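Structure first, then comments.
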Amino acid sequence: MGSPAHEPLDLLHLGVPKTIGAYLLDTSEGLTLFDCGPASCLPALKAGLAERGVELGDVKHLLLSHIHLDHAGAAGTLVRENPELTVWVSEVGAPHLVDPSRLERSARRLYGEAFDELWGELAPVPEANIRLCVSETQASPGRAVGLEVFAAPGHASHHVCYFDGAILYAGDAAGVRIQPALSVFPPTPPPDVDVEAWGRTLDEIERRAPERLALIHFGVADDVERHLAELRERLAVWVGRLERGATEAEFVAAAKADLPPEEADAYERAMPFWQSYAGLARWAEKRRES
Numbered sequence: 013m014g015s016p017a018h019e020p021l022d023l024l025h026l027g028v029p030k031t032i033g034a035y036l037l038d039t040s041e042g043l044t045l046f047d048c049g050p051a052s053c054l055p056a057l058k059a060g061l062a063e064r065g066v067e068l069g070d071v072k073h074l075l076l077s078h079i080h081l082d083h084a085g086a087a088g089t090l091v092r093e094n095p096e097l098t099v100w101v102s103e104v105g106a107p108h109l110v111d112p113s114r115l116e117r118s119a120r121r122l123y124g125e126a127f128d129e130l131w132g133e134l135a136p137v138p139e140a141n142i143r144l145c146v147s148e149t150q151a152s153p154g155r156a157v158g159l160e161v162f163a164a165p166g167h168a169s170h171h172v173c174y175f176d177g178a179i180l181y182a183g184d185a186a187g188v189r190i191q192p193a194l195s196v197f198p199p200t201p202p203p204d205v206d207v208e209a210w211g212r213t214l215d216e217i218e219r220r221a222p223e224r225l226a227l228i229h230f231g232v233a234d235d236v237e238r239h240l241a242e243l244r245e246r247l248a249v250w251v252g253r254l255e256r257g258a259t260e261a262e263f264v265a266a267a268k269a270d271l272p273p274e275e276a277d278a279y280e281r282a283m284p285f286w287q288s289y290a291g292l293a294r295w296a297e298k299r300r301e302s
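Take 13 as the starting number for the sequence shown in my numbering and just add one per residue.
This is the structure we're talking about:
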């Protein structure tokens, strides 16, 4: 298979390339997926595996960065088709895999009639298939399929990263960068984005000095220092816009203006800017209340 982290499986969300990816890892404990995308992308996931000579039943483990639907929505469907699949997730996220009803209600309110086309079925994961990679009371990093796992809140409270000593499987903790573009954007959707926690997560990533960042949106970045520095800077700029009273329309327009025109649509598909505004606005309000 070569070095699978160099080439994400393109899940062709809504038929569009380079929106959502997943990674196939050949680990000491068998073939492993890092994130799986939504159930609506299951045909593309299977096709991507087949191109590498792999069937879904060959995959032994699923490592989830967090439980947002674009990263983990297909987990229950995958377990139903592959009952031996072990699903690794944080302690915070695990209950929402076992019973995704609350998650689905919230998402349906947000996306309305577009939910089914965007995400497909949100099936539960049997509790017997779930393993906790990081617990709320765990002071030190955990392990999963030979990889270090550490809590990585900021984008979401239930976010974790996996590290093999060279490649950081980053989920959304290292931002969005639709490669070969260079721009790095911070997806900050509701409900629990935390800018200060994200800064600490970036400290943890930098301390490990990874050689490459495996991004779900989209591709593997090897200019790690520059990439993370831009992510920090962009977060600060976005917070500054909120503090200066930017409206949603002003925030979205400014985010688009930060990108070359030919890149704006791809970034907005991967991380709708109105959601980033809503998440930061909620974070700012909670900070004022506290």
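Yeah, the Cβ is synthetic: ideal placement off N, Cα and C, and Gly gets one too.
Small disclaimer: the values here were computed from a predicted structure and weren't measured.
Counted within 10 angstroms of its Cβ, other Cβ atoms place Ala-86 as buried (16 or more) or exposed | Within a 10 Å sphere around the beta-carbon of Ala-86 sit 16 or more other beta-carbons, which makes this residue buried.
From what residue to what residue does the alpha helix (DSSP H) around His-108 run?
-> Unbroken alpha helix (DSSP H) run through His-108: 106-110.
Can you tell me where the beta strand (DSSP E) with Leu-226 in it begins and where it stops?
-> The sequence shown places Ala at residue 226, rather than the Leu named in the question. Note, Ala-226: beta strand (DSSP E), 224-227.
Report the rounded CA-to-CA distance for Ser-195 versus Val-28, giving the unit in angstroms.
-> Between the alpha carbons of Ser-195 and Val-28 lies a distance of about 19 angstroms.
Check whether the stretch 153-171 touches the stretch 113-130, counting contact only when three or more Cβ pairs, one atom from each stretch, lie closer than 8 angstroms.
-> At 8 angstroms Cβ cutoff, the stretches do not touch.
Collapsed DSSP secondary structure at Cys-48 in the structure displayed = Here Cys-48 sits in coil by DSSP.
For Val-161, which residues does DSSP report across the bridge?
-> DSSP lists Gly-154, Tyr-174 as partners of Val-161.
Quick one, are the C-beta atoms of Thr-200 and Gly-132 less than 9 angstroms apart?
-> Going by C-beta atoms, Thr-200 is not nearer than 9 angstroms to Gly-132.
Spatial neighbours of Asp-270 in its chain, beta-carbon cut-off 6 angstroms, leaving aside the 5 residues before and after = Spatial neighbours of Asp-270 in its own chain (CB-CB distance under 6 angstroms, excluding positions within 5 residues in sequence) are not present.
Candidates Ala-282, Ala-266, Thr-98, His-25: which alpha carbon is nearest Gly-42's?
-> Comparing Cα positions, the closest option is Thr-98.
Within this structure, are the beta carbons of His-229 and Ile-179 separated by less than 9 angstroms?
-> Taking 9 angstroms as the cut-off, the Cβ atoms of His-229 and Ile-179 do not count as close.
Among Leu-81, Arg-114, His-171, which residue has its Cα nearest to the Cα of Leu-130?
-> The shortest Cα separation from Leu-130 among Leu-81, Arg-114, His-171 belongs to Leu-81.
6 angstroms Cβ shell around Ala-174 - same chain, five flanking residues per side excluded | Here residue 174 is Tyr; the residue named in the question, Ala, does not match the sequence. Result list for Tyr-174: Leu-75, Leu-159, Val-161, Tyr-181, in chain order.
Residues that DSSP places opposite His-73 in a beta bridge = Bridge partners of His-73: Thr-44, Thr-98.
C-alpha gap between Met-208 and Pro-95, whole angstroms = Note that residue 208 corresponds to Glu in the displayed sequence, not to Met. Those two C-alpha atoms are separated by around 39 angstroms.
What residue from Pro-198, Trp-210, Arg-238 has the CA that sits closest to Ala-267's CA?
-> Checking every option, the nearest Cα to that of Ala-267 belongs to Pro-198.
By DSSP, does Thr-259 sit in helix, in strand, or in coil?
-> Under the three-state reduction of DSSP, Thr-259 is assigned to coil, being neither helix nor strand.
Tell me whether Pro-222 is buried or exposed, calling it buried when 16 or more other Cβ atoms sit within 10 Å of its Cβ.
-> Under this definition Pro-222 is a buried residue.
Would you tell me roughly how many angstroms separate the C-alpha atoms of Leu-45 and Glu-67, rounded to the nearest one?
-> If you take the alpha carbons of Leu-45 and Glu-67, they lie about 12 angstroms apart.
DSSP three-state assignment for Gly-14, whether helix, strand or coil = Annotation note: pLDDT 36 at Gly-14 (below 50); position unreliable, coordinate value reported separately. Residue state, collapsed to three classes: coil.
Under 9 angstroms between C-beta atoms of Ala-312 and His-239 = An answer regarding residue 312 cannot be provided, because it is not within the stretch 13 to 302 covered by the chain.
Would you call the CB atoms of His-78 and Cys-53 closer than 9 angstroms?
-> No.
Burial state of Thr-259, where buried means 16 or more other Cβ atoms lie within 10 Å = The Cβ neighbour count for Thr-259, taken over all protein chains shown within 10 Å, is under 16; the residue is labelled exposed.
Taking just the CA atoms, how far does Pro-202 sit from Ala-290?
-> Near 6 angstroms, if we compare the C-alpha coordinates of Pro-202 and Ala-290.
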